[in-house]
């Protein structure tokens, strides 16, 4: 992920989020408070940090005069009670930033923390944990980055940076091999192509069609093991469907290269992060 | 919530989400598939529906020729396996819509479903369940609507449509009463004002300052009951802080008017919703 | 009004205004003039200043190298001939800024000046002067701020930050009390609610419904006095309809708390402000 | 003025104005009212109509299902009490449109009406009344159109569609003739060029430089008459500076071709227009 | 290329182009012409058509009432004098559309026509002609589509939908193999990867690193032939650098799979297309 | 052309171009490369430079920390091999900027170079070379500036900054004179007006109608000479239609004031410009 693309995504997301909180007259309450102040962003529970860029961009948009100093970086493990960042400047600006900035840290650190739990389960197996496209609408770049901060792989960004032949493409084309052929005829010669298969028959068809990456969909561990054997290094093997925290260790031990899990983004509770004003 | 404001929010969110999935050449895979088709949006588990507007707007943006017919409406309870909507038109358009449309339904129905669980726990007590401003950045309007679809209250939208004096305002002003006074001096005579209190002393101060709504922060049930008695109908009583699914019944029984819970949005797993192409 | 919200509004308005004046090749005339220069923004007549933020943002957008130093601030009373600000930098940039910058100062100082005249009329009565939503489309934030600079109240920003039950709501619901009840059922518990009444009967109905703010619409001074007596401190009393400069003193003496006047924005001539280049 | 450009300007202005009134939850009050209704837009005082396009675009943005039928067109003279338009559809949509739609009609009809008064004063003299660039920031296209609806000329739109050599250009170049020469060297051969002069000496210089349009700045009627004689048809003669309603007849009788007046936009009170719901 | 993505790109480009031609008062000349009319878009010289979508979107933006009927489609070969499309509606709208619409057709058909010439030269060899990222800023989607209309391949869209290790990456990493390894460590497992090589030594290094697509940069035909032999089907072979119309036949005969040529977009004269009004 | 307008156009074009190259994860390849570097922008062939502003704005958008120092300015003649600019900073940022920055320089310097060739042909004749509105959609401001950098005239920007009566207007109005009259009735008194004529008869009609600029369309040199004689200094004479590089000298010698040529923008190959990383 390039820094320029990420910072632009963070800035756009921060602007939208601030617009949600500061329409009309802006902060009706905080506007009454003059003078300066300082606050600490503190993790109320242990987890993995993500969202620094969005927090920084939000601060700069609220008030370019705000000073923000992060003591921990994206991807760092946080202990409960640990200080993440210090904010100093106009009191009204800190109050206006508070909820928006914390919402980014809470949601994104939640995703990073959930990812880290999956990654810890797969440790030592050689299997990597990857995100899916089940991301909150409008936050894809930041949530994909959060998965990386948690130790996972971002996978493709959208429908446009790699092709994937799935069950419905196969159904429409009359078979996995026919679908791959049809997609190849349209696809640029440099675009990646992954092929989803439901069983070993389809897997053979996919390999015969020259698939470089295969996705084993909703298979049990035994079938996955058989599939890995059948592939024998000819393709990258990804496993998806039902990759829960409970099953990840078992699935990681099958020899698959990648486990992709919607749960990284769809089942991740927010990390509890707060801003304590110093008095 | 006005229809015009909601539809505009849904359209903007749909456009951003589609931009995330369809940059560059758009759908590299689906573009190879000509002809028409149809699909059913199906709930894979039970829950409460939310996200219809965003799904419809996304469909119209992908392809104005797509036909979308919702069989269930926002706020409806869904059984596992139930058909939510039917989509028909160009196959490539349905494929391009699929993930974006489902991401809205999955996230927002998740929030509605979690809200409905809180509401069910409070049933019969007279206490209402309300959202907070802990919403996913960029989705506030839709997530607040999802809380309403789940039977909850939306609460204030942002910092701009009602004032709330919180602990840090009190600290900065030197007391709850002083803070209320300072905010009142800036606030329009028609804007609502809520005052957060930590104990019964502050509560008396808030009532003396004429607070119409008081927020009891992080109190146990006994203290809340005492506070309700002390208020004696002079103000609306809201309870917040630690309002979990486990505690909601106990807190609802205290006589408080409103329980606001960040968990409606920060702890809600997505509802599992899928699109099955008809073959 | 929060600084962050106001500065964002000023920047957006400045950008739009400059786009109106500088499309195509930009300033066809000024582009021929190289070298630097300086100019003074001067009030040609007495009044109250407003528009500083928009002027500064416009200058920064035209040319970040322009130096702008305001000698007087928003809300200050200006004598005829007084220097408001000094601008220095590239001559072509000063010429490109001139009309756009002055249009902001002229219009907004006009509103501030008209407000100050109303406020002067009401002086000593305890009644405050407030704006309405009759603002120039696209300039609401800046015109509301101008009213504040003139010594007035901004009132609600739009339809979204406080509810107001008016005659047509009452008609649709079958009475003032019924309308209040219906609105309350939808309204968040923290949103402000004002009720407009046409006569003392409706006023009693509104008070019975618990209205915290009542708006007496188009009443004569005697009726207003009777209404104030009837309210007896139970609600904030606002008077609106026909609040002209001629009547404001009489109306302010009735004991009403707030007089809201469309004329602050709909009858305010621009303040005559010019930019004199130094030679 | 081309229809396409005007409609685009009206749509953009309508969107911005609605965003001002309908942020957050939108119309807090009107959302409680279901069902349909109808209303009449009525002129409360006599004047000239302007703003139809913006009203129509605002209605379409609030609710494409709203029916709007204008009974009078831009440029028509309205009697007090006359119906301008009829709006029918969802009651909540009519209420959400009301203030925004009326603000356009009030402001723009105010400009058209003021222009018509100037035009009436100049009637029979052959002099045309023209607008300046003293327009409300963000509304230039619509206010220029309002001047045309009132019978006036729109003049140049901005700094980009015609050049004008003014006093400060002359000062910077060391004389009117030198300034014209310098501007001509940069200006396209097809762009119009007007030259402002303060006295008859400068006028001769301007004519010698081949000016096709001359602007007589702040001259008394006798001097203008002498200038018109001196020009003798070699250039279009525009008069500006102090063109008030009181002086326009006298100035129009001098033989000048065009009188441009900032007052058309800076001194125009809004026309009083209201929306009466039918019950 | 998906239809939805292309239509969105065409609409955005059309809006920007119209803004360039219709600022301020819009069409100063055409606004004087009332009534209806019709015109034919005619190819003044032979070529391949491209730009239909952008023309249609521009027409809809100028005036939704304009009727546009294309008689030939993108990718069709046009004879000199042939009618491409018929436009009917308001005369002023046709005049406002004319130049903008033709600019799209002229530029994009120019690219399609140049591509078709390259493709014709390579006919029978099995080599495909591909575009590069040397596209006019702001028109990439439309120019890539024009290459496809001319019979070519679009190649990757930007830096984001496939990776390419080039000479400077190799230099920075200390060798082609090292660079591939470093990029692979960051790259998603589904993203395509192409490796540029300058000589046969680098080619062996790239193949050893498992490159699926190799780009032979600036090699003569003999070296390319040797490279194709060395690759022996293990990778897709692309040739780039100096792929001119004069050399394309020779290069295509080497056995390379793809020839990518900047000249498709950087050396393509516009196709001469005009709009003839019917009288 | 004003600096402010040009810089704003360059920034907008740069942002759009970067969005085309850096969607999704941004630069998939370059993101793997840490550390700093430097590169030289070098002209691979001789020509005239244009595009500096857009290159600088693109660099600032990619990474505000990039240092860009232009050694040659827009309008300068470049020898083959000459260094145009030096870029230094993060290696990943330089790589992300490379293609976008070069595309601006290549296209715009191509236009400037072609213009300079036309200008050189006309040298000594007194005839100026001018652009038309045949510009690449979205790049008009920058391409018009490139023509000026090449020594040409920019002509009108669009339909809005000067009127031009062409053959179809004449046809619709029933003659050139009638068309001019009709346009004058709508046109502001300060807007420029050019009249296109096909033969000497129409030319007389145009002069009689007071045209200040006449455009001789598609005439041979002898007829142009006769026209120039007939005009006898009463109007600026522009020649257009078939102004190719081959004919420009002959046409320039006719005594016409301006030759406008679509070929400046429609037949200009890109200048070959590259970025060489320093190693």
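Chains as they are written, first to last, in the working numbering: chain U, 1 to 279; chain F, 1001 to 1279; chain P, 2001 to 2279; chain C, 3001 to 3279; chain Z, 4001 to 4279; chain H, 5001 to 5279. Every residue gets a Cβ at the ideal spot worked out from N, C-alpha and C, and that includes glycine. Nothing here was measured: the structure is a model prediction, and the numbers come from that model.
- In chain order, 179 place their CB closer than 6 angstroms to the CB of residue 169 of chain U, counting only its own chain and leaving out the 5 sequence neighbours on each side.
- Using a C-beta cut-off of 8 angstroms, the stretch 25-38 of chain U makes no contact with the stretch 46-62 of chain U, since fewer than three inter-stretch Cβ pairs fall below that distance.
- In chain order, 133, 135, 137, 138, 139, 140, 141, 157 and 158 make up the part of chain U whose C-beta sits under 9 angstroms from the C-beta of residue 1020 of chain F.
- Taking a contact as a CB-CB distance under 8 angstroms, the pair residue 1093 of chain F and residue 1066 of chain F counts as one, their CB atoms being some 5 angstroms apart.
- If the five residues before and after residue 1113 of chain F are omitted, its C-beta is found closer than 6 angstroms to the C-beta atoms of 1047, 1048 and 1271, all from its own chain and listed in chain order.
- Scanning chain C for C-beta atoms nearer than 9 angstroms to the C-beta of residue 1164 of chain F yields nothing, as the closest lies near 15 angstroms away.
- At a cut-off of 8 angstroms between beta-carbon atoms, residue 2153 of chain P makes contact with chain F.
- Going by DSSP, residue 3214 of chain C is part of the beta strand (DSSP E) stretching over 3213-3217.
- Beta bridge pairing from DSSP links residue 1040 of chain F with F:1086 and F:1276.
- Taking 8 angstroms as the threshold, the shortest C-beta distance from residue 3169 of chain C to chain P falls below it.
- For residue 5070 of chain H, the secondary structure class from DSSP, reduced to helix, strand or coil, is strand.
- Where residue 3180 of chain C is concerned, the enclosing alpha helix (DSSP H) starts and stops at 3176-3186.
- For residue 195 of chain U, no chain Z residue has a C-beta closer than 9 angstroms to its own C-beta; the minimum C-beta separation is roughly 10 angstroms.
- Judged by their CB atoms, residue 3222 of chain C and residue 3237 of chain C are not nearer to each other than the 8 angstroms cut-off.
- Shortest Cα-Cα distance from residue 2224 of chain P to any of P:2075, P:2254 and P:2042 involves P:2254.
- Residue range 5193-5197 is occupied by the beta strand (DSSP E) that includes residue 5196 of chain H, with no alpha helix (DSSP H) assigned at that position.
- By the Cβ neighbour-count rule, residue 73 of chain U is exposed, with fewer than 16 other Cβ atoms within 10 Å of its own.
- In the displayed model, residue 47 of chain U falls within a strand according to three-state DSSP.
- Not one beta carbon of chain H lies nearer than 8 angstroms to the beta carbon of residue 4049 of chain Z.
- Close CB contacts of residue 1107 of chain F within its chain, under the 6 angstroms cut and outside five residues either way in sequence, are with 1270 (chain order).
- For residue 4160 of chain Z, the closest C-alpha among the options H:5024, H:5018, H:5016 and H:5019 is that of H:5024.
- DSSP, reduced to helix, strand and coil, places residue 3245 of chain C outside both helices and strands of the structure shown, so it counts as coil.
- No Cβ-Cβ contact shorter than 8 angstroms links residue 5144 of chain H with residue 5127 of chain H.
- Relative to the Cα of residue 5232 of chain H, the nearest Cα in the group H:5212, H:5250 and H:5243 belongs to H:5212.
- The beta carbon of residue 4273 of chain Z sits closer than 6 angstroms to those of 4043, 4102, 4105 and 4106, all from its chain and outside the five residues before and after it, given in chain order.
- Of all residues in the stretch 2023-2047 of chain P, only 2023 and 2024 place a beta-carbon less than 7 angstroms from a beta-carbon of chain Z.
- With contacts defined by Cβ atoms closer than 8 angstroms, residue 4162 of chain Z and residue 191 of chain U form a contacting pair.
- At a beta-carbon threshold of 9 angstroms, none of the residues of chain F lie near residue 218 of chain U; the nearest stands roughly 12 angstroms away.
- Within a 10 Å sphere around the beta-carbon of residue 2124 of chain P sit fewer than 16 other beta-carbons, which makes this residue exposed.
- Using a Cβ distance threshold of 8 angstroms, residue 2068 of chain P and residue 2085 of chain P count as a contacting pair.
- Between residue 4217 of chain Z and residue 4240 of chain Z, the C-beta spacing is below 8 angstroms.
- Against chain H, the CB of residue 2068 of chain P has no partner CB under 8 angstroms away; the residue lies outside that interface.
- Within 10 angstroms of the beta-carbon of residue 4064 of chain Z lie fewer than 16 other beta-carbons, which makes it exposed.
- Taking the CA atoms as reference points, residue 4027 of chain Z sits about 52 angstroms from residue 2174 of chain P.
- Contact of residue 5191 of chain H with chain C is assigned, a C-beta pair being separated by under 8 angstroms.
- Where residue 1053 of chain F is concerned, the enclosing alpha helix (DSSP H) starts and stops at 1052-1062.
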